[in-house]
Structure formats: C-alpha cells, structure tokens
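J.: Protein sequence lines correspond, in order, to chains A and B. Mind the numbering: the first sequence is residues 446 to 615 in our numbering, read in order. Mind the numbering: the second sequence is residues 91 to 126 in our numbering, read in order. Even glycine gets a Cβ: it sits at the ideal position worked out from N, Cα and C. Here it is, the structure in full.
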Amino acid sequence: MSSLRYQVVVLESEIGGAMLIDAFSFEAAPGTGQFSMFNGYHVCMGPSDLAGLGTVFNDNYSGDVLTVYDHSQATHYNNNGLVTIPLDTPYWYSGQGNLIIEIKYDDSGSIPDNQSVYVMYCAAEGNRIVWDYSPEAPAGQLYPFLPHMFISGDMSLDTSTFGSIKAIFQ
Amino acid sequence: MRLTGIVALLTVLTAHAADVEIGSSQFSYLVPLCGP
Numbered sequence: 446m447s448s449l450r451y452q453v454v455v456l457e458s459e460i461g462g463a464m465l466i467d468a469f470s471f472e473a474a475p476g477t478g479q480f481s482m483f484n485g486y487h488v489c490m491g492p493s494d495l496a497g498l499g500t501v502f503n504d505n506y507s508g509d510v511l512t513v514y515d516h517s518q519a520t521h522y523n524n525n526g527l528v529t530i531p532l533d534t535p536y537w538y539s540g541q542g543n544l545i546i547e548i549k550y551d552d553s554g555s556i557p558d559n560q561s562v563y564v565m566y567c568a569a570e571g572n573r574i575v576w577d578y579s580p581e582a583p584a585g586q587l588y589p590f591l592p593h594m595f596i597s598g599d600m601s602l603d604t605s606t607f608g609s610i611k612a613i614f615q
Numbered sequence: 091m092r093l094t095g096i097v098a099l100l101t102v103l104t105a106h107a108a109d110v111e112i113g114s115s116q117f118s119y120l121v122p123l124c125g126p
C-alpha cells in the first residue's frame, strides 16, 4: 500500500488567465487499471511565487490554501484515458502568479493490488513536483517532471466593448 | 432636421467553460494516482 503527499506547480503562463476551477484531470498511462481506490483523498490549492518548487511543502505557498476535495473514501476512474477529480469546492484562480495543486492520500487500508492508475508526465524545466510517501511529511523529493493534465472550469470573464450610435432625425 | 447622436459603450462580460491543457505525454510514472 502506498501513501502520498504531492505538489505540482502550474505556471501562470500555462493557465493563461483567471479561472474558476471546478475539476482537474490526469492522463492515465496506457495499460494501467481502470480505477483506483483510496481510503482518504485530500486536495488543496493555493498560490505560489515559485516556478520551481522547494522541498518543504508548506514553504511553496505564497498565500492562503483552500481545501477543494476531501473524501475519506474515493474511487477515481480511468475514463477513456483521463482520471478526473471533481472539486467539492471550486477554486478561484486570479490569473496572477502560479498555482499549486496538492494531493494527499493514505492507502494504509486494504486496497487490492490491481487498481493502480499511472499517469503520464513530461520533462520540465525546474522542479515542478515534490512528493513524499507520507501524507504528513513536511518535505519531499524534487523532480523536474510535469504531469499531463487538464484544469477545467470557467475561464475569466472576457471583456469586449462595442459602441453603437443611434441617430434620430427629426 | 435635427440629428441626435447617442453613443453607447457597452461592456459585455461572458464566462466560458474551458479545459486548460498542462504538460504533455512523454513517459508514465507512479504518482499521483497510484494505488498500491
């Protein structure tokens, strides 16, 4: 069984604007399980000034952290190659600065061995993820990897301006 | 004839659903959705 504390930092330039985030997804690697079960799954989000993470989880945040998903039992399905975590509480990303998505889970229970869902990554400049195999670890290992993921929600309000002229001839 | 012009500026605010893609697929790794 495994447990985890994990952070990924997503850059402002990658998100591209303000967004009310209501879900995020990972690409499941081919050939892995159709679902994954967890005894506890906790996700929080918060801002960061860092483009490369440090080893100490809490030091990577630059502002308030919001719990967006907190389930004592969770099952995440591999749906056509995507594993989606719908947030309990939407997170307002202002469009300024970077975003940290933090995941903690504790699989110290009796979860069968055939339900893993592996995800896809790419190489990245800087340490974009940090993790440790304990959900309560204060610090973790750094890796220059970035998961292939989708952040879903309502993009910020688009502003368009137009003028109209109404002429009245009398 | 009298011409009256009314110029109106209207700002339209709209929100749209989006899926922002981050990263790409180069290799698989264990976290963050591995079970055992």
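Considering only their Cβ atoms, is the gap separating A/Val455 from A/Asn543 smaller than 9 Å?
T.: As a first step, residue 543 of chain A is located in the first sequence; it is residue number 98 there, counting from the start. As a first step, residue 455 of chain A is located in the first sequence; it is residue number 10 there, counting from the start. A contact, by the Cβ cut-off of 9 Å.
J.: Just the Cα atoms here: how many angstroms apart are A/Asn525 and A/Ala582?
T.: Numbered from its first residue, the first sequence carries residue 525 of chain A at position 80. Numbered from its first residue, the first sequence carries residue 582 of chain A at position 137. Going by the C-alpha atoms only, they are around 33 Å apart.
J.: Suppose the cutoff is 6 Å on Cβ atoms and the five residues either side in sequence are ignored; what does the same chain contact list for A/Ile546 look like?
T.: The residue given as residue 546 of chain A occupies position 101 in the first sequence. Answer for A/Ile546: Val453, Met490, listed in chain order.
J.: Using a Cβ-Cβ cut-off of 6 Å (strictly less than) and excluding sequence neighbours within five positions of A/Phe595, which residues of its own chain qualify?
T.: By one-based count along the first sequence, residue 595 of chain A stands at place 150. The residues are Ser470.
J.: Taking all protein chains shown into account, do 16 or more other C-beta atoms lie within 10 angstroms of the C-beta of B/Phe117, making it buried, or fewer, making it exposed?
T.: Working through the second sequence from its first residue, we reach residue 117 of chain B at position 27. Label assigned to B/Phe117: exposed.
J.: Fully enclosed by the region 461-527 of chain A, which alpha helix (DSSP H) runs are 4 residues long or longer?
T.: Listed in chain order, there is nothing to give.
J.: Alpha carbon to alpha carbon, how far is A/Thr520 from A/Gly485?
T.: In the first sequence, residue 520 of chain A corresponds to position 75, counting from 1. In the first sequence, residue 485 of chain A corresponds to position 40, counting from 1. Rounded to whole angstroms, A/Thr520 to A/Gly485 spans 10 Å at the Cα level.
J.: Using CA atoms only, rank isn't needed, just tell me which of A/Thr500, A/Gly462, A/Ser448, A/Ser481 is closest to A/Gly571.
T.: Position 126 of the first sequence, counting from 1, holds the residue named residue 571 of chain A. For the residues A/Thr500, A/Gly462, A/Ser448, A/Ser481, the minimum Cα distance to A/Gly571 belongs to A/Thr500.
J.: Taking all protein chains shown into account, decide if A/Val575 is buried (16 or more other Cβ within 10 angstroms of its Cβ) or exposed.
T.: Here residue 575 of chain A refers to the residue found at position 130 when the first sequence is read from its first residue. It counts as buried.
J.: Scan the region 581-604 of chain A for residues whose Cβ lies nearer than 8 Å to a Cβ of chain B and list them as they occur along the chain.
T.: Cβ contacts with chain B: Phe590, Leu591, Pro592, His593, Met594, Phe595, Ile596, Ser597, Gly598, Asp599, Met600, Ser601, Leu602, Asp603, Thr604.
J.: Quick one: which chain E residues come within Cβ less than 8 Å of A/Gly461?
T.: Of the protein chains in this structure, namely A and B, none is chain E.
J.: In whole angstroms, give me the CA-to-CA distance for A/Gly478 and A/Tyr563.
T.: Here the question's residue 478 of chain A lines up with position 33 in the first sequence. Here the question's residue 563 of chain A lines up with position 118 in the first sequence. Roughly 8 Å separates the two Cα atoms.
J.: Rounded to whole angstroms, what is the Cα-Cα separation between A/Tyr538 and A/Leu465?
T.: Start at 1 with the first residue of the first sequence, and residue 538 of chain A comes out as number 93. Start at 1 with the first residue of the first sequence, and residue 465 of chain A comes out as number 20. Their Cα atoms are separated by approximately 6 Å.
J.: Can you confirm whether A/Met490, when its beta carbon is compared against all beta carbons of chain B, has any partner nearer than 9 Å?
T.: Numbered from its first residue, the first sequence carries residue 490 of chain A at position 45. Taking Cβ atoms only, chain B never reaches closer than 9 Å to A/Met490, which makes this a no.
J.: So with Cβ pairs under 9 Å, would you call A/Ser470 a contact of chain B?
T.: Start at 1 with the first residue of the first sequence, and residue 470 of chain A comes out as number 25. It does: the Cβ of A/Ser470 has a partner Cβ on chain B nearer than 9 Å.
J.: Go ahead and pull the three-state DSSP assignment for A/Ser539.
T.: Translated into the one-based positions of the first sequence, residue 539 of chain A becomes position 94. A/Ser539 falls in the coil class under three-state DSSP.
J.: Between which two residues does the beta strand (DSSP E) harbouring B/Leu119 extend?
T.: If you number the second sequence from 1, residue 119 of chain B lands on position 29. First, the residue type needs correcting, since residue 119 of chain B is Tyr and not Leu in the sequence shown. Here the beta strand (DSSP E) through B/Tyr119 covers 117-119.
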